[in-house]
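Residue numbers (our numbering), protein chains in the order written: chain A, 1 to 342; chain B, 1 to 342; chain C, 1 to 342; chain D, 1 to 342.
Okay, structure coming up:
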């Protein structure tokens, strides 16, 4: 019998991406979709690209009978999520896609998000959802916190290197290039086609991007000491995709070896041959991550470039991967469709 | 046991799209991939987005053991295809994606393609691959000729209307808007990003586009009389998608009723509620077709707009749909993945 | 001495485009810029691309001393414009870029804009700003109403043909392809990069687009009888540019001759050699219009394709062209810069 | 009397951009345009966007009467340029836009370009065309070598800092984001719209990009010691624009002060307020450079971001700026048109 799924916040991009991925999943069945402002509407009117699917209409969260639900994906806006999840049944298994449960320490949450956490006890219980590094904990978790899409991309490039100590931990620079869908369906001038296409600029500069909270927490954990990277994202005129360029001090060949070893058994993480660099074109719409390592003419320097699709592996695909683990399915179920190219 | 598949011409976009779709097909297994100029290379070096798949290396056609193959997709360039297919084993079942076998009459072929056909007897035997209208013949066909992507889009909008006689057959205007991948991986100045992005223009104007040969053949057949439409495509700054805007004389409500009836049992053809228009965004990367009908303030006039993804439903998805029929699978197998949005 | 210019509504795209064009104009000097919500801000904070210019800060309209102003461009939103202009000094010369004064008949205004006009007497006095057809009236006008960008493009393709009677006036189809900047800086989901890029769809279908009011008024005037065209625009993933494809009944060669004659003395209107079609790429950022005419394999049919940049010739460039006439400058002053390609 | 100009290699993007800029220049007159493969054609057939201009047809170089020419722009491909310039009259003043004369040392040329220079004596004579740093030498130069577009962008960000010694010279990282027009009109798969739009990737990785030759030469000169930066460009889905993100060790406020001082008298170089970052959108189609400086949460670290349009300030605009100096015009003549936004 299929597992029954609710998606809270189905009218945003990550909610829609979840439905897209679940459409071909043999073990999950969508039984509830919520969208506060659009409650009562058929999903096809919000997302016509899903009109061929037989799906429940959007409802309000309080209308959902959670007794019937095996797992809920929570794709609500940041800050909203924590209040909603606090009030959900304590035995409901949840994959949250917001930023609300990524940081374990309430002080860190307050520092990066500017206000106290509304559910600090649940916050402590949440498992960080970077699947390849928290697999066992995720299997038995009640609440899994999906990672930031930038934080995921950077960690795939850096985490094994930080853990192995093969790079200078005090000189890690992460120059990110991001597509726009990571900003969600927000109505902002800089997200308009007229303002965003045909150009690029940095944003959240100077070490202010909130995903730094995740980098600090996770890389320090991996290193066994405090790690503070430099990280600036750039907004690119494309919808999907993140390219993380990491500028590192260390031996490039050794870096390549460490990453290759770390990921050799992973279904979604592909380390390219040494000297080869990845393209976001090659992962679009998929759950795959491509990682390339190159040396430099300057000795002792290396560049690691990692790419993923922010809506899939960076968010909803990762969420489904985690849900597979939590419900006892093979981790890759529903996620092996190739990227869409061109 | 899985059916064994060869793809001839796997280094172009339609070949790659076939592999993408076959990746999640439960009944087909790719056992040969050919690419003349790139023979000997792993496919991952030609299409890195497919690098996670275990696939045979590219070979030359003459290296393929066709005795082992259940069905061959032929994704070769126009004109090349007919010479290759002429020399393939006579009992091999083939889905051809080129233009070579779309026109039944050798004189028509010569008229539109400017030279005599190299295999006129095989030409006569081929079944036109517009699945929804040739289903039975396709099931038992040895050779199915994939339709032109523009011709498919236009026919989905027009064919039931022409057959039912609910529109003026002497005044059909088809204004097409096409993404660039339909032109293939050809190295031409006008296909460069710098020349194509951020603008649009008509091309193949004045009734010269070769897909008119298909429209003439198929719409005349459906009407039982000669039909000659006006058709001009426009090249748009996008990769996938065709929008066919048909300007028609007829009663819009009746047109909507005829299309709704004709397609009500079809898995991939979705007629939108009356007055609603489709977007290519909503079918990208999928095998679905969305069709909308609207009336006009000028009485007796109607507009039908149809959208599909030229690489999927307009080419490789249609090819797989036909192959499913030929091999006894459910027609939708491997093709129900939703579009990718945004 | 330079003429003093005010721009009311300088924080939108047409206001910014005016400033861009005025930057190199030898006879105009910008002395006031207004923007209600952004009053008090330097323009460089609203439009950083203009930061090298010495410009007055944004103010509120009531802070402008109009006694000092020779000519005001009014780039305010539709409906706002009429109330503002009603209260401006009666001797101030004005070029309005909104839709408010395009229709001469108050009943037509009410029909297309859904409410009564707030300044019907001024409405009657306004001159329709399609420069090439209203040159003399514009020279002496107090108030010139800038045309709709779609209406301008269509009229450049059609107006001489309608006047000369060389096409069937009862069967004119105008299939438009538009860039997104024509929609202004509005915060709407369908204008987001994520929703607009990589795809296309029709909008304002069925004869409902407001620019039809202009087509009805102007083409009927040119024809000396009522003319009602069919017109549907399509939104394209590009920022600037309109391509109007007109499907006509008439002799293509004669159509080409009529257009060539009509425009042979025009600086900005370029009729291409017969059989050649234009591209929006070739007019981007400029005040030029390119027009192509082709015949069809179906006798008696023709296609006229016209392109322009909606922000320049379709709006702010046209406004400046009109202001040149009103202030006694050569019509082309400040407007001869070539398009930007690629 | 106007100065007579020849453009050698007028059928590429930089040639076309030169014509665009010269169109509104009061002191220059184009009297010869060459294009070997397209000799005999009117320029309007190669670049329809220039069709309103009265221009000479394309000829072959040997057909040009250089006795009549005051200054030649040489926009030929790399390697071709040196052979052509070697054979031009020795008293002809030349602005070369190729890479051929950027490096002073023949050994450096051979190292980066893989073969000996064909005109080493002329190579030694050429002045490096980064206007703001070589103004006096350019005024009297016979041959000015236009800089690499990436090299220009990086130097605007770095050069005053290197000269002032306010950054760690052994730890300069330059992460570049480039539009595609910098690659010219070359027919390559990765420059096709279908392969380039909607994604990004690094290229010329590991310290192999040829513009490093310029960085090495010029930054070492500025520093008075050898400087070797790390530099990797990334190809972005946009036509025009380069964003150089420099990751530096130094005091951000001091860096901002040095850049502000260095450029305070420059017409085209705009240093933004401290903490503000630039966008390529804000310089597109113009000769302006915007530069921003930000600090980081990690003390002692700074990021400098510089943007320009590779075809204008990065190539043809710079060339015209230099030609202005060489011919005695004000340096900004014909170059003050604002960017095109959106």
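Just so it is clear, CB atoms sit at the ideal spot from N, CA and C, and this is done for glycine as well.
All values derive from a computational prediction rather than experimental measurement.
Cα separation between residue i and residue j?
i, j, result
"residue 209 of chain B", "residue 254 of chain C", "24 Å"
"residue 265 of chain A", "residue 187 of chain C", "46 Å"
"residue 223 of chain D", "residue 97 of chain D", "26 Å"
"residue 217 of chain A", "residue 263 of chain A", "22 Å"
"residue 331 of chain A", "residue 261 of chain A", "20 Å"
"residue 338 of chain D", "residue 24 of chain A", "51 Å"
"residue 402 of chain B", "residue 289 of chain C", "In this structure chain B extends from 1 to 342, so residue 402 of chain B is not present and cannot be described."
"residue 238 of chain C", "residue 268 of chain D", "28 Å"
"residue 15 of chain A", "residue 201 of chain D", "28 Å"
"residue 231 of chain C", "residue 173 of chain B", "13 Å"
"residue 236 of chain C", "residue 42 of chain C", "33 Å"
"residue 105 of chain D", "residue 125 of chain D", "11 Å"
If you run the structure through DSSP and keep just helix, strand and coil, what is residue i?
i, result
"residue 234 of chain D", "strand"
"residue 214 of chain C", "helix"
"residue 189 of chain A", "helix"
"residue 336 of chain B", "coil"
"residue 1 of chain D", "coil"
"residue 226 of chain A", "coil"
"residue 66 of chain A", "helix"
"residue 318 of chain C", "helix"
"residue 147 of chain B", "coil"
"residue 176 of chain A", "strand"
"residue 93 of chain B", "strand"
"residue 52 of chain B", "coil"
"residue 203 of chain A", "coil"
"residue 41 of chain B", "coil"
"residue 29 of chain B", "strand"
Please classify residue i: is it buried, with 16 or more other beta-carbons within 10 angstroms of its beta-carbon, or exposed?
i, result
"residue 1 of chain A", "exposed"
"residue 20 of chain C", "buried"
"residue 67 of chain D", "exposed"
"residue 246 of chain A", "buried"
"residue 54 of chain A", "exposed"
"residue 131 of chain D", "buried"
"residue 301 of chain B", "buried"
"residue 299 of chain D", "exposed"
"residue 189 of chain D", "exposed"
"residue 357 of chain B", "Chain B is shown only over 1 to 342; residue 357 of chain B falls outside these bounds and no answer can be derived."
"residue 151 of chain C", "buried"
Less than 8 Å between the C-beta atoms of residue i and residue j, yes or no?
i, j, result
"residue 83 of chain D", "residue 153 of chain D", "no"
"residue 229 of chain B", "residue 314 of chain B", "no"
"residue 240 of chain A", "residue 309 of chain A", "yes"
"residue 214 of chain D", "residue 148 of chain D", "yes"
"residue 333 of chain B", "residue 26 of chain B", "yes"
"residue 46 of chain B", "residue 11 of chain B", "yes"
- Taking one C-beta from the stretch 108-120 of chain C and one from the stretch 266-276 of chain C each time, how about it: are there three or more such pairs within less than 8 Å? no
- Query: Touching or not, the stretch 191-207 of chain C and the stretch 188-198 of chain A, by the rule of three or more beta carbon pairs under 8 Å?
  - Reply: yes
- Message: Tell me whether the stretch 156-166 of chain A and the stretch 315-325 of chain B touch, counting them as touching only if at least three CB pairs, one residue from each stretch, are closer than 8 Å.
- Response: no
- Message: Would the stretch 16-33 of chain A count as touching the stretch 58-76 of chain A if we require 3 or more Cβ pairs under 8 Å?
- Response: yes
- Task: Inspect the CB distances between the stretch 171-190 of chain B and the stretch 114-123 of chain B and report whether three or more fall short of 8 Å.
- Result: no
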